[in-house]
Amino acid sequence: MAKLKDKVFRIAFGDILGRGFGVITTIYLARVLGAESFGLITVALSFLGYSIWFADLGLLNIGAREMAKKEESRAFRAGEIFLFKIVLGLVVLSFLQWIVPQLPIESLQKRIILGFSYALIPYSFLMEWYYNGKQFFGKVALSKIVNGFVYLALVIFLVKSEADLESVPILYTSGLSASAFILLLFSIKENPFKQGLRSFGIFKELFNSAFILGLGSFFSQVLQLLPPLAIGLFLSVRDAGIYGAAIRIIFIVMLLDKIFVNLLLPNLSSKWELNKTLATENLNKVYRILPFIGGVCSLSIAVASPDIISLVYGNEYAESSGVLAVLTILLFFTFQNSLFTFGLIAIGKDKEFLYSTVVSGSLTILMILLSASFGSLITVAIVISASEILITLISFTWFSRFVDIKSIAPTIITLFVGLALFYASTVLLLPSYLEAILVLFIFVPMLFILKVCSVDDLKWLKEKLG
Numbered sequence: 067m068a069k070l071k072d073k074v075f076r077i078a079f080g081d082i083l084g085r086g087f088g089v090i091t092t093i094y095l096a097r098v099l100g101a102e103s104f105g106l107i108t109v110a111l112s113f114l115g116y117s118i119w120f121a122d123l124g125l126l127n128i129g130a131r132e133m134a135k136k137e138e139s140r141a142f143r144a145g146e147i148f149l150f151k152i153v154l155g156l157v158v159l160s161f162l163q164w165i166v167p168q169l170p171i172e173s174l175q176k177r178i179i180l181g182f183s184y185a186l187i188p189y190s191f192l193m194e195w196y197y198n199g200k201q202f203f204g205k206v207a208l209s210k211i212v213n214g215f216v217y218l219a220l221v222i223f224l225v226k227s228e229a230d231l232e233s234v235p236i237l238y239t240s241g242l243s244a245s246a247f248i249l250l251l252f253s254i255k256e257n258p259f260k261q262g263l264r265s266f267g268i269f270k271e272l273f274n275s276a277f278i279l280g281l282g283s284f285f286s287q288v289l290q291l292l293p294p295l296a297i298g299l300f301l302s303v304r305d306a307g308i309y310g311a312a313i314r315i316i317f318i319v320m321l322l323d324k325i326f327v328n329l330l331l332p333n334l335s336s337k338w339e340l341n342k343t344l345a346t347e348n349l350n351k352v353y354r355i356l357p358f359i360g361g362v363c364s365l366s367i368a369v370a371s372p373d374i375i376s377l378v379y380g381n382e383y384a385e386s387s388g389v390l391a392v393l394t395i396l397l398f399f400t401f402q403n404s405l406f407t408f409g410l411i412a413i414g415k416d417k418e419f420l421y422s423t424v425v426s427g428s429l430t431i432l433m434i435l436l437s438a439s440f441g442s443l444i445t446v447a448i449v450i451s452a453s454e455i456l457i458t459l460i461s462f463t464w465f466s467r468f469v470d471i472k473s474i475a476p477t478i479i480t481l482f483v484g485l486a487l488f489y490a491s492t493v494l495l496l497p498s499y500l501e502a503i504l505v506l507f508i509f510v511p512m513l514f515i516l517k518v519c520s521v522d523d524l525k526w527l528k529e530k531l532g
């Protein structure tokens, strides 16, 4: 079994390079297409995100969890999960071909949404869940790199102006198809389907299990997928483009959170069964480190947001800087929320995960729709960040019933120190990137002084990565 540092490297390498290609693609499209056309793509990708939910339910998490077990201990076999994913994907794609033309939106937006919907086909064949569960992160990394590179290369060569907008969904699907093909090639040697399919009844059980996790994931993805749709519907497509530019900066940094989640599910699941006391002790150490990491990332981005937006997207997206600064609160709480939310999945508390996300997600949907209907773009951004705080509190309440988190002081202290330093930065007259460097020189020592994170915690992390 590869060491933890090797696993982290493989996950990080694939995500950093794959997302790096994705970031370049996003920047290129935002600059070439302009805010309004970029907004159309942003809205369509959110629509695709919800379509993928229906085509996946909770199979991604179930697949990773089941493949982490020994073959004889699996409730569901690889072939059963793979076949069910394909059937769901084709059903959802067929439904979209019927429903989208009937939506009360502009014809161009309909064509863009339908174009992206064909990405459901390669997504159904994508076996990332299998390789994540087996912890073959190198193969997953390669597939992500291929996906990002193919999409980027095609976009650069074929998208030259706003007139090429409708070709973007085809290029996106091509990149995802290349990724799925790579993993399917690996499966020839791995032979993941050597366990045969069982009776039809197993698919009913799989659907029931997937629906429980899937319903929870539906609500857990509200903050990622609903805002662009709500902004595009109630405000404007251009506002959706402005928001899309800001949130993509946040998504880049969420790479760290993604690495954490990919390691948490298989590792916590196995350790929880062997020694709950040791697993709880380690979780408390992780919890003390997460506010430190999230605080450093969030504060530096918030302070430097004007220079970041100007450098990445250009002057047309200047409005995105204020939105980005507000959304860093979302980023900060995401790190803790992932520990609590995906921790419930890892320890087998699927129903509690469902209860947590349904309650918080329902409230979030209402808040976002109301803010988009009656407020401005910045109001929606504030509500989104406030919603992440609410979601974190609710998920913590459920998680703490099974795992004893000693204190939530690290989160509270880090948040208030960060807010105070951000406010102090607004009265300075320095370039924003210099202000960011200055506040970090103050922020990091204060977190150690206030015992948010200790040297022992960092030594423990280094030992685990060593």
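Count along the sequence shown from 1, add 66, and you get the number used in our numbering.
We treat Cβ as the ideally placed atom computed from N, Cα and C, and that holds for glycine.
Proximity winner among the options, relative to residue i (alpha-carbon distances)
i: L459; options: F401, V157, L186 and V234; result: F401
i: V319; options: L249, I395, S117 and G441; result: I395
i: F182; options: Q163, A244, W195 and L506; result: Q163
i: P357; options: L281, M512 and I450; result: M512
i: Y92; options: G310, G124 and R131; result: According to the sequence displayed, residue 92 carries Thr and not Tyr. T92 has its Cα closest to that of G310, out of G310, G124 and R131.
i: E501; options: L224, G100, P372 and V521; result: P372
i: V378; options: G360, G361, I315 and F191; result: I315
i: V206; options: A486, F247 and K417; result: F247
i: E228; options: F488, L436 and S103; result: S103
i: L344; options: Y184, V469 and L250; result: V469
i: E271; options: M433, S253, V352 and G124; result: G124
i: L156; options: V505, S404, F120 and S240; result: F120
i: G298; options: T108, P235 and E146; result: T108
i: N127; options: G360, S117, Y116 and F142; result: F142
i: P294; options: N257, S422 and A447; result: A447
i: T346; options: V510, A312 and S466; result: S466
i: V216; options: S240, V89 and L224; result: S240
i: A312; options: L220, L429 and S376; result: S376
i: N403; options: L435, V352, V449 and G380; result: V352
i: D416; options: V89, D122, L397 and R131; result: R131
i: L435; options: I222, V449 and V424; result: V449
i: G427; options: Y184, L208 and L281; result: L281
Distance between residue j and residue i (C-alpha atoms, nearest Å)
i: E172; j: I165; result: 14 angstroms
i: L169; j: I178; result: 13 angstroms
i: V57; j: L516; result: Given that the chain is displayed from residue 67 to residue 532, the structure contains no residue 57 and the question cannot be resolved.
i: Y499; j: I355; result: 25 angstroms
i: G105; j: K472; result: 44 angstroms
i: M67; j: K260; result: With a pLDDT of only 44 at M67, under 50, the local geometry of the prediction cannot be trusted, and the value read off the model is given with reservation. Whole-angstrom Cα-Cα distance: 22 angstroms.
i: F243; j: E194; result: Here the sequence assigns Ser to residue 243, which means Phe is not the residue at that position. Computed Cα separation, rounded: 13 angstroms.
i: I308; j: A101; result: 6 angstroms
i: L420; j: K226; result: 45 angstroms
i: F87; j: E382; result: 22 angstroms
i: I545; j: N348; result: The structure shown has nothing for residue 545, since the chain only spans 67 to 532.
i: L487; j: A368; result: 10 angstroms
i: L321; j: L174; result: 32 angstroms
i: G84; j: S112; result: 20 angstroms
i: M433; j: L186; result: 30 angstroms
i: L149; j: F285; result: 25 angstroms
i: D523; j: F161; result: 50 angstroms
i: A370; j: S364; result: 10 angstroms
i: K200; j: M133; result: 6 angstroms
i: V518; j: G204; result: 34 angstroms
i: N198; j: F440; result: 42 angstroms
i: A96; j: F277; result: 36 angstroms
i: G360; j: T430; result: 22 angstroms
i: G145; j: L159; result: 21 angstroms
i: P167; j: E232; result: 16 angstroms
i: L291; j: T423; result: 15 angstroms
i: I374; j: S366; result: 10 angstroms
Delimiting residues of the alpha helix (DSSP H) encompassing residue i
i: T458; result: L443 to F465
i: Y184; result: Looking at the DSSP string, Y184 is not in any alpha helix (DSSP H), and its letter there is neither H nor E.
i: S473; result: Premise fails: S473 is in no alpha helix (DSSP H) and is neither H nor E.
i: M512; result: S498 to I515
i: K200; result: Unbroken run through K200: none, as it is neither H nor E.
i: V493; result: Run containing V493: none; DSSP gives neither H nor E here.
i: I297; result: V288 to F300
i: E146; result: A144 to I165
i: V319; result: V303 to V319
Cβ-heavy atom distance, residue i to the ligand GTP, below 7 angstroms
i: V89; result: Looking at this structure, you won't find the ligand GTP or any other ligand, since it has none at all.
Practice task
At 4 residues or longer, and completely inside the segment 96-135: list those alpha helix (DSSP H) runs for me, N to C.
Solution key: If we require 4 residues or more, the alpha helix (DSSP H) runs fully inside the segment 96-135 come out as 125-133.
Problem - the segment 370-388 contacting the segment 405-417, beta-carbon criterion three pairs below 8 angstroms - result: Three or more Cβ pairs closer than 8 angstroms define a contact, and the segment 370-388 falls short of that threshold against the segment 405-417.
Exercise for the section: Tell me the start and end of each unbroken alpha helix (DSSP H) in the segment 210-269 that is at least 4 residues and wholly inside, in chain order. Expected result: Whole alpha helix (DSSP H) segments, 4+ residues: 234-256.
Exercise for the section: Entirely within the segment 364-427 and at least 4 residues each: give me those alpha helix (DSSP H) ranges in chain order. Expected result: The segment 364-427 contains these whole alpha helix (DSSP H) runs: 386-412.
Handout entry: Stretch pair the segment 486-494 + the segment 453-473: three plus CB contacts closer than 8 angstroms
Key = No, they do not touch.
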